[in-house]
Amino acid sequence: MNDRIIEHTDSDIRSRLLMSRGAQRHRRAGALAGKTVLITIASSSLIALLFIFYFIIKDAVPFFRLEGFKEFFTSTRWYPSSGEPEFGALAIFVGSAMVTIGAILVAVPMGVLASLCLSDILPFSMRQIVKPVIEMLAAVPSVVYGFFALVIFAPLLQEKGGGLLSAGALIILVPLSIIGIVVASDLVGARFRESSRKTARIVTAAALGLAAALGLYNLSQWLGGLTVDSGTNALNASVILGIMALPTIVSVSEDALNSVGREMREGSYALGATRSETLLRVVIPAAKSGMFAAVILGVMRAIGETMVVWMASGNAARIPHPIFNYLEPIRTLTATIAGDMGEADHVTGSARYHVLFAMALCLLVFAFISNLVSEMILRRSRKRLG
Amino acid sequence: MELRTRKMLDKSFTAVGLLAIVLMAASLLVLLQPIVWRGAGAFIFRETVENRRMKLEVLGRGSRERLSLEVTQAEAARKPVYDMLDAFEAEMEEGGPEFRKRYRGDYKEVLELVTELLGPRPGAAEPVLIRDRYGQTRWDRAEVKLHRILFVEEYDYSDPDRMGVKIEKPRAALFESTSLEPLFGYIEHNFKQMMLPKLTFYWRFLFDDSFDAHFFGGIWPEMLGTFYLAFGAMLFAVPLGIITAIYLSEYAGTGRFVSLLRTCISSLAGVPSIVFGLFGLAFFINTMKIANGKSVLAGSLTLALLVLPTVIRASEEAILAVPRTYKEAAMSLGAGKWRTIISVILPAALPGVLTSIIISMGRAAGETAPIIFTAAVSVGRPLAFWQTLSQPSPALSWNIYNLATEHEAVDEIRHVQYGMVLTLVTMVLLLNLTAIIIRARISRRLRG
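Chains A and B, in that order, are what the protein sequence lines are. Our numbering puts the first residue of the first sequence at 19, with every later residue one more than the last. Our numbering puts the first residue of the second sequence at -18, with every later residue one more than the last.
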């Protein structure tokens, strides 16, 4: 009984192995066809990317043919709907750059510190709580952030503008200045002899503390005295965008930190370094390129974001005066595309329609290049760290 | 540096790091708290007798007998108001041109505000718009209106360096020693009797059609639109994504073509969402002309491209997480490569793939920029399934923007906006929560 089964499967296998040549060819052709179909489907993202480039360029070219490059990139006069339309987008480019820089100033310090916490400081159980928080921050739709910025944050900024600014500045600057004072007084104390070291340290700390307190007091007074004319401004958009870009930065930079091996850390600890010294002198230098890639990805998230800036930035196409005045409304590329297309798409074919594609092309090229750069950096660092 | 200082610095570094984490968690809390709190106000609120009237007359809900009882009660409380208004009108008639000129403007304002609060006077001609036929239907809005009746807002521009400072003056002072003066006190003290507020749970907010430009009703068309868009996007993105993931993880080596493909996928993920919207407009609508103008189908296709990289990456990760031994066992039993993938690897990777699908679905549901030019309209009926091929639809994400910025009476319908935001956030976060739970289960299974 048993033997027969074995015999049977044996002959079965043999018959499979000894296929006729026709059947073999047939089978190979089938496999080839299958593989071709598979590759075609797998290339869908390649095809999609090519199509996106092609169609955006196709509709952007007529604009440059109609209006040329010079006005678009150098003039700040943006009057697309007047009788003699002007398409100077410089102020809009500046606006995009401003919110992006602002968002980075918010997101990078926080994101890097948070990723350090996640990778090295927090115990495992806390990490399990913090990670969903980050995931939730990433999952909240952008229009919800925009709604928050417009309906809740903007009125708050407008009414309590100065107070809010000084509170924010104090929350960030007080801990930093305390650390700075400790370091400085210690460095100063080290220059004195053993006996007078303690007094020297106390005296420096007291002097620096007094100076810092005075400085902070003046700063908060100055910030508290500022009035915010409009709650929808570059600051509002930057803060909200920064929070939106946080999850990207945290997760990519945490990956980079985790890919630095245990051996490096343990070696550093074995030499007697504290955790912060290990992080600052060993781990961060090793993970630096990955963290840089994280920052690039955060920049891309911020510059490509539409709803938040559309709702929260005020949409005024002019360069603030002075240029770092974040309390003035600005306008970005994405918001211009979203806002103007509604009026422009009735007149398909006009310069007003094509100028939006020209802006989209600029965004697309920027995103593409920075993506390639971050990809290259990540790939290289992965190779280096094994 | 001394050891003590180094230790202290180490601790303070930790503290700053923790501060960053706390700030991050706090920002999530600050974001969600008002949304949950005020969003709940769309569902649970104190309705006035006007709302009950509206519900009965427009939607046919509620009991007629009880309502007529309440209406008589409210009208009895309101009668003195109308009497006082009539008395003042008579006084204006008699008072001569000087008197009339002085009070005409102010009186007209009071009359308008009272009509806004209580609705048109019984017996008056019925207005065309539904919102004008009723007074304030929500107690919180009614209180705002009451405040506007009782106080006049003025701006003080005496300090040229600052913006005008708002000052509130009692309106009664404007009508001092006329027959209208007691009106304000009366309204303030008998407000409850006039409006008869009652706590209500409006769960139908999710399933009611909206009418009269979102002044009343629910958000069903938006919910349905969002569902169609997200579901349609997954319909296109999931097969493409999974097959690509299979190719990348099982067939592709590390050749030049594959690395090009990977670069393309990450570049596609980096394309700004508004650019996807423009592409959808230029390709699906202006070139392919898949429908006459915007349609849900065009929006779904655009969203599908947007989420494709997410689906691919997460599915690939899930497939790679399947232990090699599974594959080797299947191969050693004589299964072919394709057979192994279909019957062993995919089932094992299914939970992970499912997670990727769920997360991408949440992303597609929340995206706004890609659907502005391709699928979204501000007002529309709920679509039947086949209509999605050719017609645009309202969607939660777009309507949140639209109602918060472009609506004619943004402040009056805050509760609808918050209700929509809460619904969208709940939908997306629930999807993500499901994904997190599934993932936790997988990692537990793979570990033990």
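Glycine included, every Cβ here is placed at the ideal spot set by N, Cα and C. From a predicted model like this one, the values you see are computed outputs, not experimental measurements.
With at least 16 other beta carbons inside 10 angstroms of its own, Ile381 (chain B) counts as buried. Just so you know, the alpha carbons of Leu177 (chain B) and Glu51 (chain B) end up roughly 8 Å apart.
The alpha-carbon separation between Glu70 (chain B) and Lys275 (chain B) amounts to approximately 54 Å.
It is roughly 39 Å from the alpha-carbon of Arg95 (chain A) to the alpha-carbon of His396 (chain B). For Leu180 (chain B), the enclosing beta strand (DSSP E) covers residues 179 to 182. Beta-bridge analysis with DSSP links Glu104 (chain A) to A:Tyr97.
Interface residue (Cβ-Cβ distance to chain B less than 9 Å): Lys76 (chain A) is classified as such.
In this structure, Gln14 (chain B) lies away from Phe165 (chain A), with their beta-carbon atoms at least 9 Å apart. Secondary structure remark: continuous alpha helix (DSSP H) runs of at least 4 residues inside the stretch 189 to 252 of chain A, in chain order: 212 to 243.
Under DSSP, the beta-bridge partners assigned to Ala357 (chain B) are B:Ser374. In terms of Cα proximity to Gly206 (chain B), the closest of B:Arg27, B:Gly361, B:Arg344 is B:Gly361. For Gly198 (chain B), no Cβ of chain A is located within less than 9 Å of the residue's own Cβ. In this structure, A:Leu382 is the residue among A:Leu382, A:Pro340, A:Ala305, A:Ala208 with its C-alpha nearest to the C-alpha of Leu351 (chain A). Here Gln239 (chain A) is exposed. Its C-beta has fewer than 16 other C-beta atoms within 10 Å. Scanning its chain for C-beta atoms nearer than 6 Å, with the 5 sequence neighbours on each side dropped, one finds around Leu315 (chain A) the residues Thr266, Val270, Ser392, in chain order. Shown here, Gly198 (chain B) sits in a strand according to DSSP, grouped into three states. For Gly360 (chain A), the closest of B:Arg59, B:Leu94, B:Gly258, B:Val325 by C-alpha to C-alpha distance is B:Gly258. Residues of chain B with a Cβ closer than 7 Å to the Cβ of Cys135 (chain A) are, in chain order, Gly(-2), Leu(-1), Ala1, Ile2.
In the structure shown, the three-state DSSP call for Ile348 (chain A) is strand.
Pairing Leu403 (chain B) with Leu12 (chain B), the inter-Cα distance amounts to about 11 Å. Around the C-beta of Gly285 (chain A), fewer than 16 other C-beta atoms lie within 10 Å, and the residue is accordingly described as exposed. DSSP places Ser160 (chain B) in the coil class of the three-state scheme, outside both helix and strand. Neighbours of Arg(-13) (chain B) in chain A, taken as residues at a C-beta separation under 8 Å, are given in chain order as Thr292, Glu295. For the stretch 32 to 88 of chain B, the full-length alpha helix (DSSP H) segments reaching 4 residues or more read 45 to 75 along the chain.
Under the Cβ distance rule, Phe142 (chain A) does not count among the residues neighbouring chain B, no pair being separated by less than 9 Å. A direct Cα-to-Cα measurement between Leu289 (chain A) and Cys135 (chain A) gives close to 22 Å. If you keep only unbroken alpha helix (DSSP H) runs of at least 4 residues inside the stretch 64 to 95 of chain A, you get 88 to 92.
Identification of chain A residues near Ala263 (chain B) by a Cβ-Cβ cut-off of 8 Å yields Phe73, Ile74, Lys76, Asp77, Phe375, ordered along the chain.
Within the stretch 318 to 342 of chain A, contact with chain B at the beta-carbon level (separation under 8 Å) is assigned to Met318, Ile321, Gly322, Glu323, Thr324, Met325, Trp328, Met329. Using a Cβ-Cβ cut-off of 7 Å, Met154 (chain A) is close to Leu9, Leu410, Asn413 of chain B, given in chain order. In summary, Val192 (chain A) is exposed, with fewer than 16 beta-carbon neighbours lying within 10 Å of its beta-carbon over all protein chains present.
Its chain contains Phe24 as the residues whose beta carbon lies nearer than 6 Å to that of Tyr183 (chain B), once the 5 sequence neighbours on both sides are disregarded; these appear in chain order. Non-local C-beta neighbours of Ile271 (chain B) in its own chain, meaning closer than 7 Å and more than five positions away in sequence, comprise Phe265, Leu278, Ala279, ordered along the chain. Between the stretch 280 to 300 of chain B and the stretch 335 to 345 of chain B there are three or more inter-stretch CB-CB distances shorter than 8 Å, so the stretches are counted as touching. When DSSP states are grouped into helix, strand and coil, Glu149 (chain B) belongs to the strand group. In this structure, the CA atom of Ala233 (chain B) is about 44 Å from the CA atom of Met401 (chain B).
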